[in-house]
Amino acid sequence: MKLGIVLPVYNRESYIGSALRSVLRQSDAAQLDIIVIDDGSVDGTVAAVRSFIADGAPIRLFSQANSGVTKARNAGLRRLSDDTEFVSFIDSDDISPAGRFAADLAYFKTDPALELTYSYMRMVDQIDDETLEPVAGCDDRIFRGVHLSAGIYRRSLIARIGDFDEELAQAEDTDFLFRIFEQRARFVFPDTIALYYRRHEHNLTRNVAESRREFLKAMQKSMRRRKADPTLGDLRGFIQVAHPSGDGAPLRS
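Below, the structure written as structure tokens:
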């Protein structure tokens with residue numbers, strides 16, 4: 060099976076290598092097609108990605124003028140190859156845990172009608188970029204939140220949902236996931252931890268005012284859709300669900 064992974068990036072020279080290595084180490088799980096959309100980086104990000112390509116990694120790099128993460132994600136979706144069966148995402152500063160793709164793709168093998176697996180995320184403030192694991196004793200929390208990388212999506216589901224909403228500068232991922240659950244996609248919630256979300260001072264969501272404003276816009280869009288069409292599904296169940304290993308309180312690795 061072929062898994063397309065969309066990775067938008069802007070000025071992440073210090074993180075992009077770790078993100079790519081975390082995906083590439085799982086090449087036994089599927090035929091990988093990593094689509095990197097460089098959104099006008101001015102640091103060494105592009106050179107870092109090209110070094111992986113030179114070593115034969117299954118990465119396709121595309122560059123565009125800085126246009127924001129939403130347009131970068133759409134650019135990645137437009138470049139999915141025709142034979143791509145499944146799609147996932149990773150952000151340029153996050154880590155895909157070892158074995159994650161094999162664990163979640165197995166659900167699709169047992170259920171041909173399945174459209175989505177949506178797993179847990181682990182939010183941490185320190186990651187060892189050699190081992191690609193959270194640093195022992197770091198502050199972390201495991202929960203099911205709003206993050207594209209938590210999902211593996213059947214290609215036909217992506218086609219049914221459509222592009223990311225380019226009216227949103229942030230929360231485009233929230234809106235996208237809302238539309239998926241509104242459309243009653245056939246899904247499972249595995250116990251897998253799908254990503255290590257790296258907290259740092261340059262996270263896009265550190266702009267709290269913009270993050271809240273855009274999230275509210277995504278919520279309002281969903282409310283309007285569901286009011287106009289009462290047959291749409293509700294959004295309960297995929298946000299802030301504790302992992303079986305804990306109750307959602309801060310954990311220690």
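Here the sequence shown stands for residues 60 to 312, numbered as in the working numbering. Beta carbons: idealized from backbone N, C-alpha and C, even for Gly. Remember, predicted model here, so these are calculated numbers, not experimental data.
Proximity below 7 Å, CB of residue i to CB of residue j
{"i": "Ile-239", "j": "Ile-211", "result": "no"}
{"i": "Pro-117", "j": "Asp-150", "result": "no"}
{"i": "Arg-203", "j": "Ile-252", "result": "no"}
{"i": "Ser-86", "j": "Phe-148", "result": "no"}
{"i": "Leu-236", "j": "Glu-273", "result": "no"}
{"i": "Val-68", "j": "Asp-97", "result": "yes"}
{"i": "Met-60", "j": "Glu-144", "result": "yes"}
{"i": "Tyr-255", "j": "Val-183", "result": "yes"}
{"i": "Gln-229", "j": "Ser-281", "result": "no"}
Cutoff 6 Å; reference residue i; Cβ partners in own chain excluding five residues on either side
{"i": "Arg-257", "result": "Asp-152, Asp-153, Ile-186"}
{"i": "Ala-161", "result": "Ala-88"}
{"i": "Ile-217", "result": "Val-146"}
{"i": "Asp-232", "result": "Leu-207"}
Residue i, buried or exposed, once every other Cβ within 10 Å from all chains shown has been counted against 16
{"i": "Val-101", "result": "exposed"}
{"i": "Lys-168", "result": "exposed"}
{"i": "Gly-135", "result": "buried"}
{"i": "Pro-309", "result": "Its pLDDT being 36, under 50, Pro-309 is placed unreliably by the model, and nothing is read from it."}
{"i": "Ser-215", "result": "exposed"}
{"i": "Leu-62", "result": "buried"}
{"i": "Val-267", "result": "exposed"}
{"i": "Asp-234", "result": "buried"}
{"i": "Ala-172", "result": "exposed"}
{"i": "Thr-290", "result": "exposed"}
First and last residue of the uninterrupted alpha helix (DSSP H) at residue i
{"i": "Arg-258", "result": "Premise fails: Arg-258 is in no alpha helix (DSSP H) and is neither H nor E."}
{"i": "Asp-234", "result": "231–241"}
{"i": "Arg-132", "result": "128–137"}
{"i": "Met-282", "result": "267–287"}
{"i": "Val-68", "result": "Careful: Val-68 lies outside any alpha helix (DSSP H), inside the beta strand (DSSP E) at 61–68."}
{"i": "Val-108", "result": "104–113"}
Run of the beta strand (DSSP E) containing residue i, from where it starts to where it stops
{"i": "Asp-170", "result": "Here Asp-170 belongs to no beta strand (DSSP E), and DSSP marks it neither H nor E."}
{"i": "Arg-202", "result": "The residue asked about is misnamed: residue 202 is Phe in this sequence, not Arg. Note, Phe-202: beta strand (DSSP E), 198–203."}
{"i": "Ser-122", "result": "118–122"}
{"i": "Val-95", "result": "90–97"}
{"i": "Ile-211", "result": "210–213"}
Residues of its chain near residue i, where Cβ-Cβ distance is below 8 Å and the 5 sequence neighbours each way are ignored
{"i": "Asp-250", "result": "Ser-178, Tyr-179, His-302, Pro-303"}
{"i": "Asp-163", "result": "Thr-176, Ser-178, Ile-211, Pro-249, Thr-251, Ala-253"}
Own chain, CB closer than 7 Å to residue i, minus 5 neighbours either side, in chain order
{"i": "Arg-243", "result": "Gly-292"}
{"i": "Ala-124", "result": "Gly-99"}
{"i": "Ala-113", "result": "none"}
Notebook entry, point to check: Would you call the stretch 273–289 and the stretch 190–200 in contact, with 3 or more CB pairs under 8 Å?
Noted result: no
Check: Pairing CB atoms from the stretch 96–113 with CB atoms from the stretch 70–81, are three or more of them under 8 Å?
Finding: yes
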